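Data first, discussion second: the structure below is written as structure tokens.
Protein chains: 2
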Amino acid sequence: MIKKVNHIAVVVSDLQASMRFWVDALGLELSHTEHVASQAVDVAFLPVGDSKIELLQPIDDESGVARYLEKRGPGMHHLCLEVDDIVATLARLKGAEVQLINEEPVIGSDGRKFAFIHPKSANGVLVELYELTEE
Amino acid sequence: MIKKVNHIAVVVSDLQASMRFWVDALGLELSHTEHVASQAVDVAFLPVGDSKIELLQPIDDESGVARYLEKRGPGMHHLCLEVDDIVATLARLKGAEVQLINEEPVIGSDGRKFAFIHPKSANGVLVELYELTEE
Numbered sequence: 001m002i003k004k005v006n007h008i009a010v011v012v013s014d015l016q017a018s019m020r021f022w023v024d025a026l027g028l029e030l031s032h033t034e035h036v037a038s039q040a041v042d043v044a045f046l047p048v049g050d051s052k053i054e055l056l057q058p059i060d061d062e063s064g065v066a067r068y069l070e071k072r073g074p075g076m077h078h079l080c081l082e083v084d085d086i087v088a089t090l091a092r093l094k095g096a097e098v099q100l101i102n103e104e105p106v107i108g109s110d111g112r113k114f115a116f117i118h119p120k121s122a123n124g125v126l127v128e129l130y131e132l133t134e135e
Numbered sequence: 136m137i138k139k140v141n142h143i144a145v146v147v148s149d150l151q152a153s154m155r156f157w158v159d160a161l162g163l164e165l166s167h168t169e170h171v172a173s174q175a176v177d178v179a180f181l182p183v184g185d186s187k188i189e190l191l192q193p194i195d196d197e198s199g200v201a202r203y204l205e206k207r208g209p210g211m212h213h214l215c216l217e218v219d220d221i222v223a224t225l226a227r228l229k230g231a232e233v234q235l236i237n238e239e240p241v242i243g244s245d246g247r248k249f250a251f252i253h254p255k256s257a258n259g260v261l262v263e264l265y266e267l268t269e270e
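So the sequence lines, in the order shown, correspond to chains G and U. Residue numbers for the first sequence follow the numbering used here, beginning at 1 and rising by one. Residue numbers for the second sequence follow the numbering used here, beginning at 136 and rising by one.
This is how it looks when you write it as structure tokens:
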């Protein structure tokens with residue numbers, strides 16, 4: 001079951017500058033920022049309703065996010081959906097011949113399980129799936 | 136105040152074909168489809184949590200959505216945020232020198248008020264604001 005939109009990720013070139021729009025002008029709240037070394041990004045978390053906007057700034061030129069920014073410019077990067085059972089969801093997607101970036105769930109440092117669906121199978125949308133442990 | 140993500144809009148070239156991923160494979164529910172003549176799109180509404188994914192298929196070659204599809208291919212098109220007071224939100228954005236596509240709210244046929252923020256001011260994201268009357 002798909003529970004909700006966990007977050008919409010937006011690639012930006014300058015996290016601090018981007019706050020002037022999302023926080024100062026639009027009025028969203030910044031909950032916190034994180035340095036995610038494994039993805040080579042700094043992330044700002046902006047809760048909205050039962051979801052979040054996550055602003056991603058690449059911190060080197062090599063990461064997937066950096067290459068996306070270089071190629072397409074800033075904008076929406078991926079859509080993360082929260083599921084109750086990521087293994088069952090991936091099995092179902094494989095059965096439907098959906099192309100997956102991660103065939104098996106990846107376990108994050110916080111215990112969160114995640115996997116990406118290839119945009120070729122999802123109308124050009126990079127879809128991330130999350131199964132959270134704390135819920 | 137920003138209340139929630141009302142929807143994430145995804146441009147697709149074929150609404151029926153796109154259901155095979157979003158509904159049949161991923162397991163989202165299709166609530167209904169609408170023909171929106173003013174935007175020259177057919178729209179499929181897929182509720183998820185307190186938000187929705189809206190799939191947009193252009194029905195001619197002239198609309199903004201059709202030109203987006205032609206230029207960039209299918210993918211995430213805009214992010215719609217629900218606000219409690221769209222006039223106050225637009226005033227605040229103007230005060231912050233944010234570039235707006237609609238300086239004043241547009242009134243939809245259902246009484247909904249909406250306005251678009253220019254992606255140049257929003258890290259490449261086309262942001263739509265909604266103020267709904269029924270809430």
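Built from N, CA and C at the ideal position, the CB exists for glycine as well. Just so we're clear, the structure is a prediction, and the values are computed from it rather than from any experiment.
So the candidates are the options; which of them puts its Cα closest to the Cα of residue i?
i      : options                      : result
G:L81  : G:F114, G:I101, G:L69, G:R92 : G:F114
G:E34  : G:H118, G:T133, G:L26, G:L46 : G:L46
G:D50  : U:Q151, U:V200, U:N141       : U:N141
G:I151 : G:E29, G:V65, G:T133         : Any property of residue 151 of chain G remains undetermined from this structure, which presents chain G solely from 1 to 135.
U:A231 : G:D24, G:I2, G:A9, G:V10     : G:D24
U:T224 : U:F251, U:I143, U:F156       : U:F251
G:G111 : G:E131, G:W22, G:L100        : G:E131
For residue i versus residue j, is the C-beta spacing smaller than 8 Å?
i      : j      : result
G:L55  : G:V36  : no
G:V13  : G:L69  : Note on residue identity: the sequence assigns Ser, not Val, to residue 13 of chain G. A contact, by the Cβ cut-off of 8 Å.
G:Q39  : G:S18  : no
G:V65  : G:M1   : no
G:V98  : G:I53  : no
G:K4   : U:V176 : no
U:W157 : U:L150 : no
U:I143 : G:I8   : yes
Along the chain, where does the beta strand (DSSP E) that runs through residue i open and close?
i      : result
G:M19  : Counting along the chain, G:M19 falls outside any beta strand (DSSP E), though it belongs to the alpha helix (DSSP H) covering 15–19.
G:E82  : 75–83
U:I143 : 137–146
U:E189 : 186–193
U:T168 : 167–171
U:L267 : Counting along the chain, U:L267 falls outside any beta strand (DSSP E), and DSSP gives it neither H nor E.
G:D61  : Note, G:D61: premise wrong, no beta strand (DSSP E); not H, not E.
U:A250 : 248–252
G:P47  : 41–48
Between which two residues does the alpha helix (DSSP H) holding residue i run?
i      : result
G:T89  : 86–95
G:A122 : Neither: G:A122 is in no alpha helix (DSSP H) and is coded neither H nor E.
G:A66  : 64–72
* On the three-pair Cβ rule with 8 Å, is the stretch 256–266 of chain U touching the stretch 60–80 of chain G? -> They touch, by the three-pair rule.
* Take every Cβ of the stretch 233–240 of chain U, pair it with every Cβ of the stretch 185–199 of chain U, and state whether three or more of those distances are shorter than 8 Å. => Contact between the stretch 233–240 of chain U and the stretch 185–199 of chain U is absent, because fewer than three Cβ pairs lie under 8 Å.
* Going along the chain, which residues of the stretch 21–32 of chain G sit with their C-beta nearer than 7 Å to a C-beta in chain U? -> Listed in sequence order: F21, D24, A25, L26, G27, L28.
* Going along the stretch 46–62 of chain G in order, which residues come within less than 7 Å of chain C, judged by CB to CB distance? -> In summary, chain C is missing from the structure at hand, where the protein chains are G and U.
* To do: With 7 Å as the limit, tell me which residues of the stretch 138–149 of chain U have their beta carbon closer than that to any beta carbon of chain G; keep them in chain order.
  => When C-beta distances to chain G are compared with 7 Å, the residues of the stretch 138–149 of chain U below that value are K138, K139, V140, I143, V145, V147, in chain order.
* To do: Could you please tell me which residues of the stretch 216–246 of chain U, in chain order, have their CB closer than 9 Å to any CB of chain G?
  => Hits within the stretch, in order: L216, E217, V218, T224, R227, L228, G230, A231, E232, V233.
* Asked: If contact means a Cβ-Cβ distance below 9 Å, which residues of the stretch 65–76 of chain G contact chain U?
  -> So the list reads R72, G73, P74, G75, M76, given in the order they occur along the chain.
* Give, in chain order, every residue of the stretch 248–263 of chain U whose Cβ lies closer than 9 Å to some Cβ of chain G. => Here the close residues are I252, P254, S256, A257, N258, G259, V260, L261, V262.
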